[in-house]
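Here the sequence shown is numbered in our numbering, starting from 53 and rising by one per residue.
The beta-carbon is built from N, C-alpha and C at its ideal position, and this holds for glycine as well.
The structure appears right after this line, and notes come after that.
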Amino acid sequence: MSNQSVQTVSTSNDKFKVVLAVVAAIAGVVGFFYLAGQPSLVRAAALVGGLLISAGIAYTSTSGREFLNFAKEAVRETKKVVWPTRKEATQITLIVFAFVLVMAVFLWGTDKLLEFLLYDVILGWKQ
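Below, the structure is given as structure tokens:
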């Protein structure tokens with residue numbers, strides 16, 4: 053048996069819904085800026101309303117539902133991650149800072165050594 057993935061072809065109706073959702077989101081943003089003289093609550097309502105309408109239209113399309121399922125799976129996978137404790141995170145951060153400091157001193161020393169060799173020894177220019 054073959055395990056080939058089946059790829060669904062989106063219909064023109066789904067494409068129209070996605071375009072309509074993008075237009076609704078843009079209309080919400082444009083409404084927010086167009087209502088610049090209005091109270092902030094009215095401007096925020098225009099923005100949120102446009103985004104909610106956009107999300108509702110996008111959810112009715114196949115690609116919108118697939119995106120929502122993807123987002124749910126991402127949240128589920130994030131919950132499975134074993135995060136370091138505060139002590140471990142602090143220790144790792146200190147190790148990184150120490151390494152950066154050591155590398156900075158090393159690069160500074162290398163730069164000064166090459167400067168000495170090039171200008172003082174090879175070229176004979178005294179600074």
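Asked: Cβ neighbours of Lys124 in the same chain (closer than 8 Å, five flanking residues each side left out); Found: none
Asked: Assigned secondary structure, Thr114 (DSSP; H/G/I helix, E/B strand, else coil); Found: helix
Asked: Pick from Asn121, Leu170, Ser113 and Asp163 that is closest to Leu72, judged by C-alpha positions; Found: Ser113
Asked: C-beta contact flag for Ala88 and Gly102 at 7 Å; Found: no
Asked: Contact check, Lys69 vs Ile109, beta carbons under 7 Å; Found: yes
Asked: Presumed contact (8 Å Cβ cut-off) between Leu93 and Val81, rounded CB distance; Found: So it is not a contact: roughly 17 Å between Cβ atoms.
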